[in-house]
Amino acid sequence: MTAAIIDGKAVAAALRERVAGAVQRLQSASGVTPGLAVVLVGDDPASHVYVRNKGIATKKAGMASFEHRLPATAREEDVVALVRRLNADDAVDGILVQMPLPAQIDAHKVINEIDPAKDVDGLTQANAGRLLLGATGLVPCTPHGSVLLIKTVEQKLSGLHAVVVGRSILVGKPLSLLLLAENCTVTMAHSRTKDLAAVCRSADILCAAVGKAELVQGDWVKEGAIVIDVGINRVGDRLIGDVDYAAAATRARAITPVPGGVGPMTIACLLKNTVLAAARRRGLADPEI
Ligand code: NDP
Numbered sequence: 163m164t165a166a167i168i169d170g171k172a173v174a175a176a177l178r179e180r181v182a183g184a185v186q187r188l189q190s191a192s193g194v195t196p197g198l199a200v201v202l203v204g205d206d207p208a209s210h211v212y213v214r215n216k217g218i219a220t221k222k223a224g225m226a227s228f229e230h231r232l233p234a235t236a237r238e239e240d241v242v243a244l245v246r247r248l249n250a251d252d253a254v255d256g257i258l259v260q261m262p263l264p265a266q267i268d269a270h271k272v273i274n275e276i277d278p279a280k281d282v283d284g285l286t287q288a289n290a291g292r293l294l295l296g297a298t299g300l301v302p303c304t305p306h307g308s309v310l311l312i313k314t315v316e317q318k319l320s321g322l323h324a325v326v327v328g329r330s331i332l333v334g335k336p337l338s339l340l341l342l343a344e345n346c347t348v349t350m351a352h353s354r355t356k357d358l359a360a361v362c363r364s365a366d367i368l369c370a371a372v373g374k375a376e377l378v379q380g381d382w383v384k385e386g387a388i389v390i391d392v393g394i395n396r397v398g399d400r401l402i403g404d405v406d407y408a409a410a411a412t413r414a415r416a417i418t419p420v421p422g423g424v425g426p427m428t429i430a431c432l433l434k435n436t437v438l439a440a441a442r443r444r445g446l447a448d449p450e451i
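Numbering (my numbering), first residue to last: 163 to 451.
Printed below as a string of structure tokens:
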């Protein structure tokens, strides 16, 4: 079997178009222009690139983009004070604090200062709790994007066995909960899992979110499985995933490449969350996206 390549770039572009349409409809119906504020602390070069790309994508979707930069020496209370100002600013519907934060700042403390209604990264305790409870909230972007990609291959996930390797708060755990909500039977695997290869081989949907280049070998993939590779690993000047792509592609039914798979979905889902936040904060129905 040769796997179909799941084109994250194309799926993300289509999602961004739908978001732009929802922004236009929201503007004409209610005069609301959704706004996304991004907070960048310090001079991490990769973070600067991410923040710039988020700003460009936000404006392209017809939304307002606000960038706030603080020096690497900023104190925790400075970042908290900025988040509180953004919470109180009615032009701001979404707040994203770019990670990583400098060592002197407690990231959890800062995240939990974000008004859950504006928490477009879905990382506050309130939104994590809503996801666990199955209540409406804002869902973390990378896991949400991963599920949207799976659904381009298979609409009905009910009863399928999903294995998620990695249990981080950012990716693995929320992705597992989203797949559970789709009625998958979910196995969460991690660094202490015994015989990871055998666990992976039992997956109809195999998601890798580890951060170890090509950890998942080709023969860990069941024939006909859907493989979602969240990993981004810099090896020399190349970006490679957590899955041995070439070997896995000979067995999988469909697979995401790295780059060009899950990565582009993250920003698109961030834009989607910003529009949802703008509507919900005003008591409006969720726009069709
Ligand atoms: P974390 O480092 O927070 O979590 C890694 C997880 O992998 C942990 O749960 C850890 O287990 C598990 N793990 C580590 N080693 C092994 C192993 N040998 N076998 C099985 N499990 C293992 O990473 P993140 O979740 O934040 O990110 C994962 C990857 O996804 C990274 O490459 C990151 O760059 C990428 N990423 C990509 C995004 C995108 O937009 N495409 C967005 C966010 C992340 P344990 O809990 O037991 O320690």
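Glycine included, every Cβ here is placed at the ideal spot set by N, Cα and C.
Contact between the segment 351-359 and the segment 397-405: three or more CB pairs below 8 Å? no
Which term fits residue 266, buried or exposed, when burial requires 16 or more other beta carbons within 10 angstroms of its beta carbon? exposed
Inter-residue spacing [alpha-carbon to alpha-carbon] between residue 411 and residue 165: 5 Å
Can you list the residues near ligand 1, meaning Cβ strictly closer than 5 Å to any non-hydrogen atom, in the order they appear in the chain? 304, 328, 329, 330, 332, 333, 352, 353, 371, 372, 373, 392, 393, 394, 424, 425, 428
Are residue 168 and residue 416 touching if we call contact CB-CB under 8 Å? yes
Please work out which residues of its chain come closer than 8 Å, Cβ to Cβ, to residue 397, disregarding the five sequence neighbours upstream and downstream, and give them in chain order. 375
Within the same chain, show all residues whose beta-carbon is closer than 6 Å to that of residue 193, passing over the 5 residues directly before and after it, in chain order. none
Per DSSP, the bridge partner or partners of residue 226: 197
Contacts around residue 342, its chain only, beta-carbon distance under 6 Å, and the 5 residues preceding and following it disregarded: 348
Using a threshold of 7 Å, is the CB atom of residue 166 nearer than that to any non-hydrogen atom of ligand 3? Here the bound small molecules are ligand 1; ligand 3 is not part of this structure.
In chain order, what residues of the same chain lie with their CB nearer than 8 Å to the CB of residue 202, ignoring the 5 residues before and after it? 209, 210, 213, 229, 230, 231, 232, 260
Answer yes or no: do residue 293 and residue 282 have a C-beta to C-beta separation smaller than 8 Å? no
Count Cβ pairs between the segment 178-192 and the segment 238-249 that sit closer than 8 Å; are there 3 or more? no
Bounding residues of the beta strand (DSSP E) (the contiguous stretch that carries residue 400): 400-402
On a Cα-Cα basis, can you pick out the residue from 195, 352, 380 that is closest to residue 327? 352
Go ahead and pull the three-state DSSP assignment for residue 176. helix
Could you work out which residue in 319, 268, 382 is closest to residue 240 when comparing CA atoms only? 268
Kindly give me the distance between the Cβ atoms of residue 431 and residue 307, rounded to whole angstroms, as I take these residues to be in contact under 8 Å. 5 Å
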